[in-house]
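Presented below is the structure to which this report refers.
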Amino acid sequence: MDTERSRGYKYERLVIMDSNEPIPSETNICKNCCNSVITNTSAKYGQWMLNIIFCSFLFTLFTYKSFKNSIGFHNNLSEMQINLTLKGVALSRFDSNETNDDLKYFLNTSQCFIPYIDPLMPEIRKLYKPHFTTDCSKHKTLVNVVFDNNAKQYILRMNMTAVQQIYTDNNLTMQRDPMQCCYQEIVRLESGSNPDSKISLLACTYFRQDYMVPPHIDSLLVVCKLKLDHKTITQKNAFFLVQVKNRTRYDFNATAQRKPSLILWGIDSVSRINFRRTMPQTFNYLKQRKWFELRGYNKIGDNTFPNLMALLTGQNQTAAMTTCKPKKIGGLDDCKLIWKEFHKQGYHTAYGEDMPSMSTFNYLKKGFREAPTNYYFRPMSLAIEEHLTSNKKAGLKYCVGNRQYGEYVYDMALQFVTRFQYEPNFGLFWTNSFSHNDYSVPATMDSTILKYLKEMETLGIFDNTIVFFLSDHGMRFGQLLRLPGGFLEERLPTFFISIPKWLRNTYPELIKNLETNCQRLASPYDIYMTMQHLLKINEPNYDIEAATGCTRCQSLFREVPENRTCPDAGISENWCTCTQYKILSSNRKEIKRLSSLIVKGMNDYIINKNLSSVCSELTLHNIKEAKQHYNDEDFTLSTYRIEFSVNPKTKPEAIFAATVKCDPSSHEITLNLNVEEDVNRYTKYENTAKCIQDKEAKKYCICKK
Ligand SMILES: [Zn+2]
């Protein structure tokens, strides 16, 4: 039933938009079919699907030409702006919170034009099949953790209605068949060759109603059992408890010294386009509450690690690998992650991330020897993956126990910000489970995230907490990248900021600058500088360290120059979304030569890394697309972007995109596959690169076996 309801919801949304589309005379066909959708019978549903496919086809034909002009074929910005204005019409009905200018472009400065992409363009409507609900909870939770505000302690409270339901359903009585519940403390072991991945569960302690949890327990597993003749009914659940060990001496009312708390609420792989597409309720909430959106925020590296390290340490990937040594046990413990600075200044700190096997500091890395923050989610995520039942969506654990995986992280966040509402706190809460592998799955969490945001708002959390609601990059592989706009999808992570009212009133100049900078090019290095600035916000002559990965980057509370370029913001040409390219024929001689040189460069990289015994030699198969910087001439130094496939037997097809600057007649090119990341892979390489552990080289390796 849940599925049916969610389908009805989905189509109702799409219907509203379709019926408003400015399409040619065939409109009637579509209007009729749209009207028939409201009933949920499967026959009409099937008919409607056929109709909508037909309508989409007609609409696509109609818009195809202007669409091509607007995305890749233009060499003139004003022409593109006109096309995008037309395209924006559809969405303006869908979302009344964006102004007309918002719908023409994401960014429009003298040195950077990032076009707006309609999140529900006709091409995407053919593919996008969202479900807006999660359906993890079939059974009611038998035991909840409640914080007793008088005793200042957590208690375990049985949900007697849910317990009684089990007895009724099974025709039993509590007297004859008592239910027994116990809890097990989750303990981080911090030992051996993998100290960040070893945990143990302590012995089961049985408890009765409203049991007070000992104050040293951070996370626990609850197991309830009802033994019958032929079966055992078991429910397992897990909870993170933010036990307050020491309070910070802090006068919350002394405005001059008042420090804002800071929460980083991260969802992996969500571009600002996909955020609008898949999480419309959350997007509208942030817009209505006037959160600042960084419309020119551009990623600086391929995947999570380089982008988050730039944000948390100000370093580029190569420097982060050298100084933080993430592959060495204890390496990351000595790394200057920004939360350590917050901790030094009296902030309580927390870090929670789901999916321990692929998490930021652990995927092909050693993680932390000691817990990196005062409150650390990883032991609990290891425990729930091991001991709770789960099912998968898009290849990742999605429902764990009776909740969506991400909810455990958000519950921890909620506990943390509530316990320390009146003391400075810093939290990084990151999820991968519902967004990393499939661009459409975030839709299932839209209403859940909105619920958490509203709860925090009701509790008054945003009155003293700055929130960065962000992602690290967009989808890096799959269907989205094959569509017009795919180039931007990958490179433009979503980024919203909430600033408490008192901070806005106390520092109006800084807020004005932030508002201006929403319309400027920005990168994760700027966020690093901004967080440092926040730590010194009440020092008039503050001094902060430059980000080593981008010495010209700056706090976003200071005005960023209007004419900022990608190099100014530490963004290499391959990731830069500012400049426009014109399409060239893939058959041109120089394109074929350049493509071969790029493949040679990738092979040299594999050889230099001593990986050629396990990784196949790459051979150029098919040049899919070639572009040239729009105002470059053919006979001078020019920048090219070439998309090509190699080794045709690889599954999924190994497609790469490279950005190279060279003289087109040259027989030599310089490829930088480390810092600049001139080449990225558009298709998943998880399965084709299992033979090596080098995270950076995996992209270019197709295992021989
Ligand atoms: Zn990521």
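Sequence positions in the sequence shown follow my numbering and run -10 to 694. Backbone N, C-alpha and C fix where the C-beta goes; we use that ideal spot for every residue, glycine too.
Look at the stretch 402 to 486 and you find these whole runs of beta strand (DSSP E), each 3 residues long or longer: 414 to 420 and 454 to 459.
Of all alpha-carbon atoms in His618, Ile580, Val176 and Asp257, the one lying nearest the alpha-carbon of Phe229 is that of Val176. For the set Asn530, Glu551, Asn552 and Ala558, the Cα lying nearest the Cα of Gln543 is the one of Ala558. For Leu377, there is no enclosing beta strand (DSSP E), as DSSP marks it with neither H nor E. Taking C-beta separations shorter than 6 angstroms and ignoring five residues to either side along the sequence, the partners of Cys565 in its chain run Cys555, following chain order.
In terms of Cβ geometry, Lys616 and Tyr629 form a close pair [threshold 8 angstroms]. Relative to the non-hydrogen atoms of ligand 1, the Cβ of Asn292 comes within a distance shorter than 7 angstroms of at least one. Spatial neighbours of Phe451 in its own chain (CB-CB distance under 7 angstroms, excluding positions within 5 residues in sequence) are listed in chain order as Met445, Ser487 and Pro489.
DSSP, reduced to helix, strand and coil, places Ala227 within a strand of the structure shown. If you ignore the 5 residues before and after Tyr156, its C-beta comes within less than 7 angstroms of the C-beta of Thr162 and Met163, all in its own chain and listed in chain order. With respect to Val649, Leu662 sits apart: the two C-beta atoms are not nearer than 8 angstroms.
Looking from the CA of Thr608, the closest CA among Lys638, Leu600, Tyr619 and Glu579 belongs to Lys638. For the stretch 175 to 235, the continuous beta strand (DSSP E) assignments of 3+ residues that do not extend past its boundaries occur at 188 to 190, 208 to 216 and 221 to 229, in sequence order. Residue side-chain check: Asp343 keeps its Cβ at 7 angstroms or more from all non-hydrogen atoms of ligand 1.
Looking at the backbone, the Cα of Asp124 and that of Ser429 are separated by about 16 angstroms.
The beta carbons of Leu326 and Pro361 sit about 7 angstroms from each other, so the pair counts as a contact at 8 angstroms. Bridge pairing for Thr628: Lys650 [DSSP].
For the stretch 304 to 356, the continuous beta strand (DSSP E) assignments of 3+ residues that do not extend past its boundaries occur at 337 to 342, in sequence order. Per the Cβ contact rule, the stretch 106 to 122 is not in contact with the stretch 131 to 151 (fewer than 3 Cβ pairs under 8 angstroms).
Residue pairing by DSSP puts Asn669 in a beta bridge opposite Ala646.
Between the stretch 450 to 470 and the stretch 284 to 296, the count of Cβ pairs shorter than 8 angstroms is three or higher; the stretches touch. Val135 is bridged by DSSP to Ile144. Rounded to whole angstroms, the separation of the alpha carbons of Ser258 and Asn592 is 28 angstroms. Close CB contacts of Asn506 within its chain, under the 6 angstroms cut and outside five residues either way in sequence, are with Leu545 and Val549 (chain order). Inclusion of Ile595 and Cys680 in the CB contact set at 8 angstroms is not warranted, their separation being larger than that value. For Ser126, the Cβ stays outside the 7 angstroms cut-off from all heavy atoms of ligand 1. Shortest gap from the CB of His462 to any heavy atom of ligand 1: under 7 angstroms. Counting other Cβ atoms within 10 Å of its Cβ, Gly416 reaches 16 or more and is therefore classed as buried. Inter-segment contact for the stretch 349 to 357 and the stretch 298 to 316 is present: three or more beta-carbon pairs are separated by less than 8 angstroms. In the same chain as Ser422, and ignoring 5 residues on each side of it, the C-beta atoms closer than 7 angstroms to its own belong to Asp343, Met344, Leu385, Lys386, Tyr387, Tyr394 and Gly395, in chain order. The closest heavy atom of ligand 1 lies 7 angstroms or more from the beta carbon of Ser422. Less than 8 angstroms divides the Cβ of Pro249 from the Cβ of Leu492.
Three or more Cβ pairs closer than 8 angstroms define a contact, and the stretch 269 to 282 falls short of that threshold against the stretch 473 to 482. Distances from the CB of Ser258 to the heavy atoms of ligand 1 include at least one below 7 angstroms. With respect to the 8 angstroms criterion, Gln270 and Asp400 are not classified as neighbours on the basis of their beta carbons.
Check the Cα spacing between Leu283 and each of Phe485, Glu685 and Val211: the tightest is with Phe485.
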